[in-house]
Every structure is written in C-alpha cells, then in structure tokens.
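Just so we're aligned, residue 32 is where the sequence shown starts under the working numbering, counting upward by one. Glycine included, each C-beta is placed from N, C-alpha and C at the ideal position. Working notes, structure below.
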Amino acid sequence: MKKHTIPTGFLFKDNYSRGELETLSIGDYGKKWNVKADFLGYRSDLNGVPNTNCMPLSEKWVITVSTQYGCLSKCNFCDVPNVKYSGNASFDDLYSQLKKAISLFPECKYTERLNLHYARMGEPSWNPAVLEFTNFLFNERKRFQDETGLSVEVLHPVLTSMSPKKHKKWEGVIYDWVNIKNKNLGQCGLQISINSTDDKQREVMFGGDANTLEDISKMLSGLPAPLSRKYCLNFAYSTDYIIDAEKVAKLFDPKKWMCKITPIHNNTACMENGIKTVGGYESFHPYRKPEQDLKNVGFDVLVFVPSMDEEDGLVTCGNVILGGSKLKESLGPQKIEGL
Ligand code: SF4
C-alpha cells in the first residue's frame, strides 16, 4: 500500500484484482463548520472554512472507495479519465478497500456513523458489485464487525452518478438503489450530478456522455417518496455554470429532491480547462444567487465548502493521484480529535 498522510486522514492506493485503486479514509469537521443549510438550522454564510480539527472518528468516519479502474466517462472537470480504464472493481476489491481504510486507524473500534462514498474513481452505476456489496453491509453486520473489528451504529452509503447515456440499465440501477435505501430506514444517499441546467454546458462538461436533464427527470419521475433524506441534485458549481432554478423545479419535485451546491475543485483537469469557482473558497458570494433561486422555487438547499486542508489533501471529487492530481509537499499534520 502507498499511503499519504493528509490533514483529515489518509489517502492511499494499492493493488487489487485488476490493478491500482485509490481510496480515502478521513474525518469530518461537522456541519457547523462547512455547511450552510437553512432547512437544517445552519444559517451562517460560509466565508472561508478554517483548517480546524475533524470530529473524532468514533463520531463520524468517511471512507471513499473507487468502484472502477479508471472511468468510461470523460468529464472535463475530473482527473480520473487520465487513468487507463480496465473494468469494474469486484465485490472483493470494494471490501478490501474498506477493510484497508478501517485498518489505518486500529485504535478506533466503534463509530456512530460511517459514510461510505462510492465516488473516488469510476461511475458506480456501471458496477453491479456496488449494490451487492451495499446489501451485504446492511445484511451481514455481525460478519462485517467480526472481519473488520469495527462496530458501526449507522451505516450511510452514498451513490453519486452523472447518468451515463450509454448505460441502458441506469434507471433500473437507481430504482434498485432507492429500494435498498427505503428498506434500510432511508440510510442510503443518492446524488445525481447536474452541475449546470444548460444543455450545451452539460454536453461539454460530461464529454457528451450524460443523459439530458429531461431524460433523467423522465426516468426518475416514478421514484417512491424517499425515507429519511431526500434524493440530492448535486451542483459542482463553476462561476460560469448556469443554474436555472425554475427549470430544475419543473423537472424534479422539491418534495422528493434537495439541492447541494459545492465549488468545483482545483484539480489538474479543471486548471487545464479553465473551470473554477472564482472566490468560492473565501466568500459566500458565488453561491448566494443559486442558493436563493433554488430556495425560492421550493428546494431545501445545502451549500458545502471544503477547507483548504481538504482541498490540498485532495479529498474532494474529481481528484485522483493515479490520474495526475498532485499532493502538496508541505501538508500540515493530521488533525483529528481523539487521535
Ligand atoms: S466525475 Fe465521475 S463519472 Fe465523471 S469522469 Fe470522473 S469518475 Fe468518471
């Protein structure tokens, strides 16, 4: 294993059944530091997020696993397409990444909440092992605890998808995922990457590989009411992206869907393609209008801004050192309470 210590935990790569995969095992600051979400009571503007300590892992642990070796999609804000594609991670590859991520903090035997993100490398909807593995985690809790030494109070897996056009079974995968969510007290996140409501911008950013918003809306209009958290429309926001809130509300029911806005991240692909959120790390200004517009049409809106420690530690989406993202040489020490 090649392991990098980053301020919020570890970033590591290792060899699995088809080659190298990259994984994160990190802490979380807690919403009061990096989230504005009026509907949850976090009402302060985020004018920069301090490089503070993460909560103890016994309160919240975030593990992000790769679901594919590279990715079939060609999103222009992501470094993963630089990695040669060689197929899906197997069930064992997923489990192995999770076990290794847990083993990096051997002193932690219990966590109140484990967020498992299917997000580092790959478009998870292509990989049937993602659903199989998630079912395993929910159904075989005792075996998981015996095999990892970690007792988990609340498991919260999150599937994030950009809705690849070529995937003829995509709709079925999402309905199956929602079925798992609703069978497990709603404890599964579903995020659909929207980013812009402009067809041309979406065509460019997703390399012509994403379904249109109209098609996504049609395919997902029959989703049942979500248990617990609403389904999430994700806006990784560059200052140049258009967000037409009226269009979003026409296509997605605010009773079932919420919106999340984050800055686009400063990885190699974004720098090469001139994609950025001007001022988005220091000031709330870029988010104010899209947040207000989406709230005005009835959505719950959550704005998430990472700290510079998180940005420099490459924990944000679209980064992958296997694809050319670069860690700074002088990263600060690990800052997790209780370690
Ligand atoms: S953003 Fe996701 S789907 Fe797009 S290229 Fe990167 S890993 Fe693949």
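Asked	Found
Identify, in the order they occur along the chain, each residue of the same chain with its Cβ nearer than 6 Å to the Cβ of Val309, setting aside the five sequence neighbours on each side.	Thr270
Out of Gly153, Leu251, Asn84, Gly118, which has the shortest C-alpha to C-alpha gap to Val111?	Gly153
At 3 residues or longer, and completely inside the region 218-256: list those beta strand (DSSP E) runs for me, N to C.	220-224
Mind checking whether the beta-carbon of Met152 lies closer than 7 Å to any heavy atom of the ligand SF4?	yes
What are the complete alpha helix (DSSP H) segments, minimum 4 residues, inside the region 284-322?	299-303
Specify the secondary structure class of Ser121 as computed by DSSP and reduced to three states.	coil
In terms of DSSP beta bridges, what is Ile94 paired with?	Ser56, Leu147
Below 7 Å CB to CB, which residues in the same chain sit around Lys261 once its five sequence neighbours on both sides are set aside?	Lys287, Trp288, Met289, Asp331
Return yes when at least one heavy atom of the ligand SF4 lies under 7 Å from the C-beta of Cys109, else no.	yes
Quick one: what does DSSP say Phe335 is sitting in, helix, strand or coil?	strand
For the alpha helix (DSSP H) containing Lys281, list its first residue and its last residue.	276-282
Is Pro375 near the ligand SF4, judged by its Cβ being under 7 Å from some heavy atom?	In this structure the chain extends from 32 to 370, so residue 375 is not present and cannot be described.
Could you check how far apart the C-beta atoms of Trp201 and Ser127 are, in whole angstroms? I think they sit under 8 Å.	So it is not a contact: roughly 26 Å between Cβ atoms.
Could you pull the DSSP bridge partners for Phe266 from this structure?	Ile292
Could you pull the start and end residues of the alpha helix (DSSP H) that Gly344 belongs to?	It is not in any alpha helix (DSSP H) - Gly344 carries neither H nor E in the DSSP assignment.
Helix or strand or just coil, what does DSSP make of Gly72?	coil
Run through DSSP, which three-state label would Thr165 get?	helix
Name, in chain order, the residues that DSSP records as bridge partners for Thr83.	According to DSSP, which records beta bridges pairwise, Thr83 is partnered with nothing at all.
What's the call for Met302, buried or exposed, on a 16-neighbour Cβ count within 10 Å?	exposed
Could you give the uninterrupted runs of the beta strand (DSSP E) lying entirely in the region 159-215, keeping only those of 3 residues or more?	182-192
Considering only C-alpha positions, which residue in the set Gly58, Glu342, His187 is nearest to Leu362?	Glu342
Are Val66 and Phe335 closer than 8 Å when you measure CB to CB?	yes
Going by DSSP, what residue range makes up the beta strand (DSSP E) through Lys33?	33-37
Taking the alpha-carbon positions, what's the Trp208 to Arg319 distance?	32 Å
Is the beta carbon of Gly40 closer than 8 Å to that of Leu86?	According to the sequence provided, residue 86 is Met. The question's Leu does not apply to it. Not in contact: Met86 and Gly40 (Cβ atoms no closer than 8 Å).
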